[in-house]
Amino acid sequence: MSLQAFNAVDLIEQFKSWKELFSEQRDFLIALDGQVGDSDLGITMSKAFAAASEALVAEGEGAGISKLLRTAGATMARTAPSTMGTLTATGFLRASKAVDGKNKLDANDIALFWRAFSDGIAERGKAKLGDKTILDVLDPVAASLEESVNAGKTLPAAMHAAEEAANAALQQTKSMVAQHGKAAAFQQKTLGLQDAGGTVGHLLIRSMADFVAHR
Amino acid sequence: MSLQAFNAVDLIEQFKSWKELFSEQRDFLIALDGQVGDSDLGITMSKAFAAASEALVAEGEGAGISKLLRTAGATMARTAPSTMGTLTATGFLRASKAVDGKNKLDANDIALFWRAFSDGIAERGKAKLGDKTILDVLDPVAASLEESVNAGKTLPAAMHAAEEAANAALQQTKSMVAQHGKAAAFQQKTLGLQDAGGTVGHLLIRSMADFVAHR
Amino acid sequence: MKKFLNDPVNFVDEMLEGIYLAHPAVTYVDGDKRCLVTSKVKPGKVGIATGGGSGHLPLFLGYVGDGMLDGAAVGGVFQSPSAEQMYQVTKHIDQGAGVLYVYGNYSGDIINFEMAAELADMDGVQVKHVVGNDDVASSVVGEEHKRRGVAGIFFIYKAAGAAAAEGLPLDEVTRIADKARLRTRTIGVALSSCVVPEIGHATFSIGEDEMEIGMGIHGEPGISRKKMGSADLVIDEMMERIFTEQSYNRGDSVAVLINGLGGTPMEELYILFRRVSQLLQDRGVTAKHVWVGEFATAMEMAGASVSILHLDSELDRLVAAPANTPFFQHVGG
Amino acid sequence: MKKFLNDPVNFVDEMLEGIYLAHPAVTYVDGDKRCLVTSKVKPGKVGIATGGGSGHLPLFLGYVGDGMLDGAAVGGVFQSPSAEQMYQVTKHIDQGAGVLYVYGNYSGDIINFEMAAELADMDGVQVKHVVGNDDVASSVVGEEHKRRGVAGIFFIYKAAGAAAAEGLPLDEVTRIADKARLRTRTIGVALSSCVVPEIGHATFSIGEDEMEIGMGIHGEPGISRKKMGSADLVIDEMMERIFTEQSYNRGDSVAVLINGLGGTPMEELYILFRRVSQLLQDRGVTAKHVWVGEFATAMEMAGASVSILHLDSELDRLVAAPANTPFFQHVGG
Ligand SMILES: Nc1ncnc2c1ncn2[C@@H]1O[C@H](COP(=O)(O)OP(=O)(O)O)[C@@H](O)[C@H]1O
Ligand SMILES: Nc1ncnc2c1ncn2[C@@H]1O[C@H](COP(=O)(O)OP(=O)(O)O)[C@@H](O)[C@H]1O
Ligand SMILES: [Mg+2]
Ligand SMILES: [Mg+2]
Ligand SMILES: [Mg+2]
Ligand SMILES: [Mg+2]
Numbered sequence: 015m016s017l018q019a020f021n022a023v024d025l026i027e028q029f030k031s032w033k034e035l036f037s038e039q040r041d042f043l044i045a046l047d048g049q050v051g052d053s054d055l056g057i058t059m060s061k062a063f064a065a066a067s068e069a070l071v072a073e074g075e076g077a078g079i080s081k082l083l084r085t086a087g088a089t090m091a092r093t094a095p096s097t098m099g100t101l102t103a104t105g106f107l108r109a110s111k112a113v114d115g116k117n118k119l120d121a122n123d124i125a126l127f128w129r130a131f132s133d134g135i136a137e138r139g140k141a142k143l144g145d146k147t148i149l150d151v152l153d154p155v156a157a158s159l160e161e162s163v164n165a166g167k168t169l170p171a172a173m174h175a176a177e178e179a180a181n182a183a184l185q186q187t188k189s190m191v192a193q194h195g196k197a198a199a200f201q202q203k204t205l206g207l208q209d210a211g212g213t214v215g216h217l218l219i220r221s222m223a224d225f226v227a228h229r
Numbered sequence: 015m016s017l018q019a020f021n022a023v024d025l026i027e028q029f030k031s032w033k034e035l036f037s038e039q040r041d042f043l044i045a046l047d048g049q050v051g052d053s054d055l056g057i058t059m060s061k062a063f064a065a066a067s068e069a070l071v072a073e074g075e076g077a078g079i080s081k082l083l084r085t086a087g088a089t090m091a092r093t094a095p096s097t098m099g100t101l102t103a104t105g106f107l108r109a110s111k112a113v114d115g116k117n118k119l120d121a122n123d124i125a126l127f128w129r130a131f132s133d134g135i136a137e138r139g140k141a142k143l144g145d146k147t148i149l150d151v152l153d154p155v156a157a158s159l160e161e162s163v164n165a166g167k168t169l170p171a172a173m174h175a176a177e178e179a180a181n182a183a184l185q186q187t188k189s190m191v192a193q194h195g196k197a198a199a200f201q202q203k204t205l206g207l208q209d210a211g212g213t214v215g216h217l218l219i220r221s222m223a224d225f226v227a228h229r
Numbered sequence: 029m030k031k032f033l034n035d036p037v038n039f040v041d042e043m044l045e046g047i048y049l050a051h052p053a054v055t056y057v058d059g060d061k062r063c064l065v066t067s068k069v070k071p072g073k074v075g076i077a078t079g080g081g082s083g084h085l086p087l088f089l090g091y092v093g094d095g096m097l098d099g100a101a102v103g104g105v106f107q108s109p110s111a112e113q114m115y116q117v118t119k120h121i122d123q124g125a126g127v128l129y130v131y132g133n134y135s136g137d138i139i140n141f142e143m144a145a146e147l148a149d150m151d152g153v154q155v156k157h158v159v160g161n162d163d164v165a166s167s168v169v170g171e172e173h174k175r176r177g178v179a180g181i182f183f184i185y186k187a188a189g190a191a192a193a194e195g196l197p198l199d200e201v202t203r204i205a206d207k208a209r210l211r212t213r214t215i216g217v218a219l220s221s222c223v224v225p226e227i228g229h230a231t232f233s234i235g236e237d238e239m240e241i242g243m244g245i246h247g248e249p250g251i252s253r254k255k256m257g258s259a260d261l262v263i264d265e266m267m268e269r270i271f272t273e274q275s276y277n278r279g280d281s282v283a284v285l286i287n288g289l290g291g292t293p294m295e296e297l298y299i300l301f302r303r304v305s306q307l308l309q310d311r312g313v314t315a316k317h318v319w320v321g322e323f324a325t326a327m328e329m330a331g332a333s334v335s336i337l338h339l340d341s342e343l344d345r346l347v348a349a350p351a352n353t354p355f356f357q358h359v360g361g
Numbered sequence: 029m030k031k032f033l034n035d036p037v038n039f040v041d042e043m044l045e046g047i048y049l050a051h052p053a054v055t056y057v058d059g060d061k062r063c064l065v066t067s068k069v070k071p072g073k074v075g076i077a078t079g080g081g082s083g084h085l086p087l088f089l090g091y092v093g094d095g096m097l098d099g100a101a102v103g104g105v106f107q108s109p110s111a112e113q114m115y116q117v118t119k120h121i122d123q124g125a126g127v128l129y130v131y132g133n134y135s136g137d138i139i140n141f142e143m144a145a146e147l148a149d150m151d152g153v154q155v156k157h158v159v160g161n162d163d164v165a166s167s168v169v170g171e172e173h174k175r176r177g178v179a180g181i182f183f184i185y186k187a188a189g190a191a192a193a194e195g196l197p198l199d200e201v202t203r204i205a206d207k208a209r210l211r212t213r214t215i216g217v218a219l220s221s222c223v224v225p226e227i228g229h230a231t232f233s234i235g236e237d238e239m240e241i242g243m244g245i246h247g248e249p250g251i252s253r254k255k256m257g258s259a260d261l262v263i264d265e266m267m268e269r270i271f272t273e274q275s276y277n278r279g280d281s282v283a284v285l286i287n288g289l290g291g292t293p294m295e296e297l298y299i300l301f302r303r304v305s306q307l308l309q310d311r312g313v314t315a316k317h318v319w320v321g322e323f324a325t326a327m328e329m330a331g332a333s334v335s336i337l338h339l340d341s342e343l344d345r346l347v348a349a350p351a352n353t354p355f356f357q358h359v360g361g
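Residue numbers (this note's numbering), protein chains in the order written: chain A, 15 to 229; chain B, 15 to 229; chain C, 29 to 361; chain D, 29 to 361.
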């Protein structure tokens, strides 16, 4: 079984998966952020997705996809206003706008979703590509999705390719030097380490690829 | 060789011995006071006797015994105004008065010396016998010296007996419960431990007994 | 972890409850304890808001009061408050004269304060930003915009707060805040880590005989980790950094802030100040205003920072003005 | 030992040098830095002197200033100053109206203050003593004279200082100080040891998950050592001790002092105060004046104490009066 398009119910389920994922990865992300940062990432991400998932369940499928994404973003902005929390929130708010009016998200819509997500983060965070941020994972993800759509791929195939792109991009962050956030203070020491925010980006995509593959 | 009476030179030498003694015993007294107190005893006693000894050397034998003892007391009061520092200072000030006018201290004078010393501490500190203080060592010392004088003992013999009395009295303090100073807070826990101030009393007497035996 | 707390999740909110119970001079808006404002907004005055993560008391909220700030948005431990919270504080303290945001140079705070300003702008509230970046250890000369904000923000609060209390308009208060920012330099040294309650173990490890000069107040790395030196040598090395940044001339006056990071006794802070004072005297510079204590902490972290504000006559007057906040009182003069 | 210091032998004197450099409002007499006095003695006023060991800042010297004390003799770390030093301070601050000594119930201090009073008496200076013994953990009811003096001495300073500032005569100031003493109760809890610089290692050891309720500010033993509990439970146990000592009736008012011992972050102190406030409210007792911070420390010791002053209208007025000292400012009211 696999999913060819997200409806509102699927989206709520996807957020449940993200919630579980970040609860599992909490300590890993704390440790990762702790290497060249302040260890808060695991806490903020698990809080952000737990709150968002619960808000979506409370709101229910009737609200529709765009409204649900907006609730997710607004909830995160409120519950986890760290750098990554606010950037992720901004991502969902922009994705909400990008898919406004749709009640199904196919491969093309998911490409719009992640492009808007990525561009929203770029605009709000003012980071450039190569600055060793989540952008260095999400921009390649959006590009990969756009390519898959042009190549006529199905949603599961497109997400599979996106996951591979995310993983490759995450590996690339190892050769970058952090320019933003608390990691920036570590400069050369960040070389060789994968970016913590980029890791969050990869986890988001991997979870979505799994989700569409197995639903 | 042994000493039958202290002159001013001997007294200055005695203070040098006390200075060395308390410098050697510094860490031991810190640890002892640390068991049921605040660990300061080793510091204050080593400071007190170092300062007193140096003041006596500076003043010189010409000042005479009484004046030297007064300088010792005044110096200690200034440099080590802890409980034991001030009580020891008071002891020397009272001893100074007790031997006023003498230029030699024989067994009889040394008995007067320690009686005045002990009574001075009793008056200033308001402790009773059995309260587990230095008094529980020095009062038996004064009594032993008075007895030795009545028995016509020489200074070395009298000091030898006084050292034995001090040691026995110190052992006795193990069965007492502290009523004064920081140790009082430990109450029953002080049972079985020798009193820190009493230990200082014993060390003072043992050093003087050694001094008269080998000079 | 050895801390006085109940459920770590409630650390910040229970702390805030304690603060509101102890200090009726502050209250909160929007039903959200994390939106802290002064209990007596001054009509017509320019509002000054700040905000940032918890765990730094008296920063940030401790300086809300007469002669200093009007509101503070309170984040989780070492985490930014939300844009919404900043916006609620802004709306409440605006008296038509506009609001100045003074906060530290951290990406989470910047992103959220910028979002808050956009929201406030839609309501017609004029907002200006001054972003503290006093930590000389966190980037080189020429890259000052990358520097972290640390204890020196106290001087920005003090100068801007006094200016607003004098009734100056938003542009003037902003000019003064920015001048104080440009003339403030801080450098810190850490001796031990802190523990974030929800994490439960030390943020970083450091040897029993080591110190790290330049470490940030969340445990960000500094310039050099080395064997603990004498107090005088530590200060000599720290002040060297500050002296190469600004030219202090004979006859100049400065304000000095010796800040404990939380676990360091006051006795030691005065031993540090003694040396700072000697070095200033050697250069003919007068320490005209001196504060020694805890002004911006990292919970139980042992360590200290030195902040120097290069005075001019305007800053001199404003720094000396009276202030009365829950965590900081100054009888003028 | 990880401390900012130079030669440990100079710890106290270098600290004092820092204090004199930072605070021109205090100075010293007899050429001895350890004889600290206010720079502006008030003619005709009753003088108030204190003194005790170093290592407890702001105690003791930090409260010399307007509305509080006139002088403080400063001892070595955890050691009494000398009778001579106390006497020199006494001579300087006496304005013909006599001098009140307020100090803690420790044998070294008592012996020396009594010697000092004898010396002052020979000069015709009238001296009274009030000996703080607020620590309920250090002896049982009926044996209050054996109790140690700890942070609650702050309330004695505050009330007596305000009374002297009002121009009351020595007998009245003494009566008020003694009333504040009798109505003050304190209990502390320690989480970690401190290090005396000249000793160089921890005064006592305590397990990573243990606390000791009732421990004294030099590490004297308390009532019970046990596993660290939640903040609320710790306060419940501590306040129980205080509530059994004095009868607080519905409608009564108290002043509360939440004191950090040095290593405990302010955030935690407010979490403790929150619970104290709840317990007082449950009994219908109003916390009319509240101070939270560091008032009597044991260097880097982690821990806290709670002091409660049972107010009457006289103490209420005096506690609220303004004060301005290097370490404590209070804008009246
Ligand atoms: N300006 C920015 N734009 C985009 N991403 C950023 C920016 N600053 C930081 N990040 C991302 O945030 C991650 C760290 O997130 P988080 O721990 O929340 O931040 P902080 O450093 O404030 O604690 C980094 O690994 C990086 O990927
Ligand atoms: N009131 C007193 N009279 C006589 N001796 C005393 C008195 N109080 C304490 N001592 C002695 O002082 C010793 C402790 O000395 P010290 O460490 O200087 O005192 P503190 O307890 O003030 O630190 C005790 O062991 C006891 O022998
Ligand atoms: Mg982080
Ligand atoms: Mg002792
Ligand atoms: Mg502290
Ligand atoms: Mg402290």
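Quick reminder that beta carbons are idealized off the backbone N, C-alpha and C, glycines included.
Just so you know, these numbers come straight off a predicted model, no measurement behind them.
The residues 112, 156, 159 and 160, in chain order, have a CB closer than 8 Å to that of residue 129 of chain A in the same chain once the five nearest residues on each side in sequence are set aside. Secondary structure at residue 97 of chain A: helix, using DSSP grouped into helix, strand and coil.
Our two residues, residue 141 of chain B and residue 149 of chain B, have alpha carbons roughly 8 Å apart in a direct line.
Residue 243 of chain D has its Cβ no nearer than 7 Å to any heavy atom of ligand 2. Per the CB criterion, closer than 6 Å to any heavy atom of ligand 4, the qualifying residues run in chain order as B:47, B:51, B:52, B:54, B:55 and B:196. Of all residues in the stretch 42 to 53 of chain D, only 42, 43, 45, 46, 47, 49 and 50 place a beta-carbon less than 7 Å from a beta-carbon of chain C. Under the Cβ distance rule, residue 199 of chain B counts among the residues neighbouring chain D, one pair being separated by less than 8 Å. Taking 7 Å as the cut-off, the C-beta of residue 148 of chain B counts as close to a heavy atom of ligand 2.
Minimum Cα-Cα distance from residue 211 of chain B among the listed residues B:192, B:227 and B:72 corresponds to B:192. Going by beta carbons, residue 217 of chain C and residue 284 of chain C fall outside the 8 Å limit.
Here the distance from the Cβ of residue 84 of chain D to the nearest heavy atom of ligand 2 is not below 7 Å. DSSP places residue 276 of chain C outside any alpha helix (DSSP H), giving it a letter other than H or E. The contact set of residue 48 of chain B on chain D, defined by CB atoms closer than 8 Å, consists of 231 and 232 in chain order.
Shortest Cα-Cα distance from residue 49 of chain D to any of C:38, C:43, C:309 and C:214 involves C:309.
Per DSSP, the unbroken beta strand (DSSP E) holding residue 253 of chain C starts and ends at 252 to 255. A check of alpha carbon separations from residue 107 of chain B across B:80, B:98 and B:115 identifies B:80 as the nearest. It is roughly 11 Å from the alpha-carbon of residue 359 of chain D to the alpha-carbon of residue 347 of chain D. With a cutoff of 8 Å on beta-carbon distance, residue 341 of chain D and residue 316 of chain D are scored as not near each other. Taken atom to atom, the span from the alpha-carbon of residue 222 of chain A to that of residue 31 of chain A is near 8 Å. Between the beta-carbon of residue 181 of chain D and that of residue 235 of chain D there is about 30 Å, and that puts the pair past the 8 Å contact cut. Of the candidates D:269, D:247, D:240 and D:354, D:247 places its Cα closest to the Cα of residue 232 of chain D. Neighbours of residue 141 of chain D in chain B, taken as residues whose beta carbon is under 9 Å from its own, are absent, since the nearest beta carbon is some 11 Å off. For residue 80 of chain C, the enclosing beta strand (DSSP E) covers residues 75 to 82. 58: these are the residues of the stretch 58 to 72 of chain B whose beta carbon lies less than 8 Å from some beta carbon of chain D, given in chain order. Under the 8 Å criterion on CB atoms, residue 342 of chain C is classed as non-interfacial with respect to chain A.
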